[in-house]
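Peer 1: Residue numbers (this note's numbering), protein chains in the order written: chain A, 2 to 499; chain B, 2 to 499.
Even for Gly, the Cβ is constructed at its ideal location relative to N, Cα and C.
These figures come from a predicted structure and were not determined experimentally.
1) Going along the stretch 468–491 of chain A in order, which residues come within less than 9 Å of chain B, judged by CB to CB distance?
2) Starting from residue 405 of chain B, follow the alpha helix (DSSP H) in both directions and report where the run begins and ends.
3) What are the start and end residues of the alpha helix (DSSP H) that includes residue 417 of chain A?
4) Under 6 Å Cβ to Cβ from residue 20 of chain A, same chain only, skipping five residues before and after it: list those, please.
5) Starting from residue 238 of chain A, find everything on chain B with Cβ-Cβ shorter than 9 Å and list it in chain order.
6) Does residue 496 of chain A come within less than 8 Å of chain B when only Cβ atoms are used?
7) What whole-angstrom Cβ distance do residue 320 of chain B and residue 105 of chain A have, given they're in contact under 8 Å?
8) Report yes if the C-beta distance between residue 226 of chain A and residue 441 of chain A is below 8 Å; otherwise report no.
9) Examine the Cβ distances between the stretch 30–37 of chain B and the stretch 141–149 of chain B and report whether three or more of them are shorter than 8 Å.
10) Let's see if you can read the secondary structure: which residues bound the alpha helix (DSSP H) around residue 254 of chain B?
11) Taking the runs of the beta strand (DSSP E) that are 3 residues or longer, which of them lie wholly in the stretch 337–370 of chain B?
12) Anyone know if the C-beta pair for residue 237 of chain A and residue 346 of chain A falls short of 8 Å?
13) Buried or exposed: where does residue 299 of chain A fall if 16 or more other Cβ atoms within 10 Å of its Cβ makes it buried?
14) Please identify, using Cβ separations under 9 Å, the residues of the stretch 332–343 of chain A that lie next to chain B, in order along the chain.
15) Name, please, each residue of chain B whose Cβ falls closer than 7 Å to the Cβ of residue 94 of chain A.
16) Residues in the stretch 395–422 of chain A with C-beta within 9 Å of chain B's C-beta atoms, listed in sequence order?
17) Cβ of residue 242 of chain A less than 8 Å from any chain B Cβ?
18) Among the residues of its own chain, which have a CB less than 7 Å from the CB of residue 2 of chain B, if the five just before and after it don't count?
19) Which residues in chain B have a C-beta closer than 9 Å to the C-beta of residue 245 of chain A? List them in chain order.
20) Out of B:358, B:318, B:400, B:343, state which residue places its alpha-carbon closest to the alpha-carbon of residue 100 of chain A.
21) DSSP has residue 242 of chain A in a bridge; who is on the other side?
22) What residues match up with residue 179 of chain A in a beta bridge as DSSP calls it?
23) Output the boundary residues of the alpha helix (DSSP H) element that contains residue 70 of chain A.
24) Say whether the stretch 190–199 of chain B touches the stretch 164–172 of chain B, bearing in mind that this needs 3 or more beta-carbon pairs closer than 8 Å, one atom from each stretch.
25) List the whole-angstrom C-beta distance separating residue 107 of chain B from residue 134 of chain B, where the pair is believed to meet the contact cut-off of C-beta under 8 Å.
26) Report the neighbours of residue 231 of chain B on chain A: residues whose CB is nearer than 7 Å to its CB, in chain order.
27) Please tell me whether residue 348 of chain A has its Cβ less than 8 Å away from any Cβ of chain B.
28) Do the stretch 251–268 of chain B and the stretch 356–376 of chain B make contact, defined as three or more Cβ pairs closer than 8 Å?
29) With burial defined as no fewer than 16 other Cβ atoms inside 10 Å of the residue's Cβ, what is the status of residue 10 of chain B: buried or exposed?
30) Are there three or more Cβ pairs, one per stretch, closer than 8 Å when the stretch 401–420 of chain A is compared with the stretch 70–85 of chain A?
31) So which residues on chain A does residue 391 of chain B lean against when the C-beta distance must stay under 9 Å?
32) Round the Cβ separation of residue 316 of chain A and residue 309 of chain A to the nearest angstrom and send it over; I've been treating them as touching at under 8 Å.
33) What does a CB cutoff of less than 6 Å around residue 454 of chain A pick up in its chain, not counting 5 residues either side in sequence?
34) How should residue 488 of chain A be labelled, buried or exposed, when 16 other C-beta atoms within 10 angstroms of its C-beta is the threshold for buried?
35) Let me make sure I understand the geometry here. Which of A:467, A:273, A:119, A:476 has the alpha-carbon closest to that of residue 211 of chain A?
36) Go through the stretch 151–226 of chain B residue by residue and report every complete run of the beta strand (DSSP E) that reaches 3 residues or more, in order.
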């Protein structure tokens, strides 16, 4: 059987299966999403791992829970295929971001089907009964519906579909399912180092992130690195009446506004000295991949209610190949409409920095520190005492996020090219190839410990509200994931590596 | 009886009374403070008015509740004294600021006695039993303990003390007790206009605000005016993942930081064009009064944990004679230590502006608008629609606070000078005379409608946490208030007007 007919068979199997079994697939997905999975909640994370392992065992995958004491377990799985000489290692994470229920339309761990995206008028609808049709534009709303529980359901359903059609995998399968991604994967490296041999493979497929914003299937060959910090700025030791002290006591909110404005220009250019120093330029293949991407910035701006600006001419796909600095939040005093006329005593901002190849997280944080010192800030690691306060008019306390560098895989490797061909064959239209994903993933661990080429195989819709309220997955994207993984598992045989 | 002996008798009566009756006075004060009184909570406000009226009736004051439908009632009281030809009108307000219980050491409407100020190690102590001594440095913690329920207790207790000593008031007394001060007194002018004849008097005494920061007794002859706004800045219509969109989508927190930094320099100078234009300069008497005030800035900085700066050389008392612009709060995304890597969709800031004589609130708001327009902002009064968003990269929505102008009373008027002499006689040391209080009071209503000279007679300690958590009154300041009002009521007879 040649590759293209294997892929065709796999796709036919996947489509037939999800057409007849769609309602049950959605119910199973909802059952999985109903498990609360806030990163750091040990009991919840353990329950997710146990549930996942049981689902894998049911698909003939040999499963183990690896556990470093006190840390979330890794769910490892393996399915060997006689005669296969290629091994794919799949990565996904089953932990999720926190969620403020009051900000959600439906509760975050009560998976709810909506007829469409909520901003497009989607209304809650019942889960379909067996045999009923399913609108591919309907969406499931729940925390982790897209980030990152969808790939589990897509992969396991792809195995079911192949099984139902009597088709076997043509590659060895390994699975590394992470429970601490949303807290920055502090022990991922330890897990990889401890199980290096068991994880031997030819390529690592990262099943996370969204497809392209124009709904094109997408592969990515790296991801931005990450660092970040929370900065606290100090005013008077207690709130002061803004009348009796306004114009005299320094206001920490104002000091913070000046600090943040001094870090980044309104046009998006970061003003921290040397911020862009050391960025590895894109090579010709990478630049060509970006140039081939569709220009969707205009429609995305319309969707997001953003006006075009002169400074905004560089396209999104080009911009995310650069490092960024983003204000995640600012908190100071009261600004909810109540009139409390006070001078706040502290102000806080939360900032994340996205790194690209060539930038070291520690160096970037040192650049931030140097910038702040140059701007007259006295930096502290703990609450300032009275003596410190009396000496320094501008005091800032920095609390650092966990951080990691960026990764960019060589797009010319044969196994990478084979995968690209498989995905192209599995899709009707063009496939977007993104040298670096805008989001951050701790891919450097896999490079450092396993020496594997890493390729991202995302399936979620881009408008999934990942990390925010009303996270969701478009059903068409779940179907795409099932098709895609069936094609990869049944189609990505050795011949593809020529 | 000459004035100085009348004042001496009144002071002796007050001191004797609070020495023997101290524990009961504190219990009565606590009962009054236990009534929740958030401005705008109609039922709570009505309950406070009814309680207050009953307390006044018990002191032989003819009391009426004036009520404009749907608004907080004014508690009006009158006590005529045969033969008196001077009438004092007392103003205080019985409504209070909102309070976030979680931010308080003791619940805001569970008045709690502390052995000292909490930052100085004060611990909760039981209210003293009858006959037990009372430490004047102990403090009652409760919302409105200082702003502004203390004057009611001080005035009514002064009447009790004079009564117990067989001393009668030597002036006619009128009382105008307000229930909407903390919401900007929207109907104060209507109440005054409707009851102009009943409110006829020789002088209005404003019983509100704190004494001087060095604990000196203080009179003030005006107060700053007030305006303010909440500004909302718009980013994408939904939260975005800061990785996939960071560096491309505009961040409303950053836009807001630039807006705020552009309004005020780090040294406190307001950068809004013409902000200081039109300020009526201090005259020689006013400037002399300020020059005579003690220099306490150094000790205040130490108390508040503030470093001295070159830009901060102007003294507090001088600075509050100028207009100010203060950031009351900033809210954008999440900055509480949780790592939610998103680009927020909106950012809000809350700003108050303090006005001095010569500045019109509407003109000041127009200066803010002009400044923002010059800075490229498109100003809206409601949520922007898609068409507006697509046309304007910088959109800000302004919501305005109620506002009013400043007032400054002529310090040379005979009745004002008489009051100054009485207060000086009632105090052991010097009395601070402040041309304009830093805080804002809607005194212009009294000037406009009643044509009265207005003098502020504050009693609260300066470190009372007014408007913030852990509001408190130092017991020594309650004692001072009782003494002071006894002296004014019994001592400020006609002879003082010579």
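Peer 2: Straight from the coordinates:
1) 468, 469, 470, 471
2) Per DSSP, residue 405 of chain B belongs to no alpha helix (DSSP H) and is neither H nor E.
3) DSSP places residue 417 of chain A in the uninterrupted alpha helix (DSSP H) bounded by 415–427.
4) none
5) 120, 304, 305, 306, 307
6) Any reading at residue 496 of chain A must be qualified, since the residue scores a pLDDT of 42, below 50, and its modelled position is unreliable; no value is offered.
7) About 47 Å separates the two Cβ atoms, so there is no contact after all.
8) Cβ distance < 8 Å, so residue 226 of chain A and residue 441 of chain A count as in contact.
9) yes
10) 253–264
11) 347–356
12) yes
13) Here residue 299 of chain A is exposed, its C-beta having fewer than 16 other C-beta atoms within 10 Å.
14) 332, 333, 334, 335, 336, 337, 338, 339, 340, 341, 342, 343
15) Per Cβ cutoff of 7 Å: no residues; residue 94 of chain A is ~14 Å from chain B at best.
16) From the stretch 395–422 of chain A, only 395, 396, 400, 402, 403 have a Cβ closer than 9 Å to chain B.
17) yes
18) For residue 2 of chain B, the pLDDT reaches just 40, beneath the cut-off of 50, and the residue's location in the model is therefore unreliable, leaving the point undetermined.
19) 210, 211, 214, 317, 321, 438, 439, 440, 463, 467
20) B:343
21) Partner(s): A:343.
22) A:94
23) Run containing residue 70 of chain A: none; DSSP gives neither H nor E here.
24) Contact fails: fewer than three Cβ-Cβ distances are below 8 Å.
25) Actually they are not in contact, since the Cβ atoms of residue 107 of chain B and residue 134 of chain B sit about 22 Å apart, beyond 8 Å.
26) 336, 338
27) By this cut-off, residue 348 of chain A is an interface position.
28) yes
29) buried
30) Contact between the stretch 401–420 of chain A and the stretch 70–85 of chain A is absent, because fewer than three Cβ pairs lie under 8 Å.
31) In chain order: 302, 303, 306, 307, 308, 309.
32) The pair is not a contact, with the Cβ atoms about 12 Å apart (cut-off 8 Å).
33) 204, 410, 414, 417
34) In summary, residue 488 of chain A is buried, with 16 or more beta-carbon neighbours lying within 10 Å of its beta-carbon over all protein chains present.
35) The option with the nearest alpha carbon to residue 211 of chain A is A:467.
36) Listed in chain order, the complete beta strand (DSSP E) runs (minimum 3 residues) inside the stretch 151–226 of chain B are 173–179, 204–207, 219–221.
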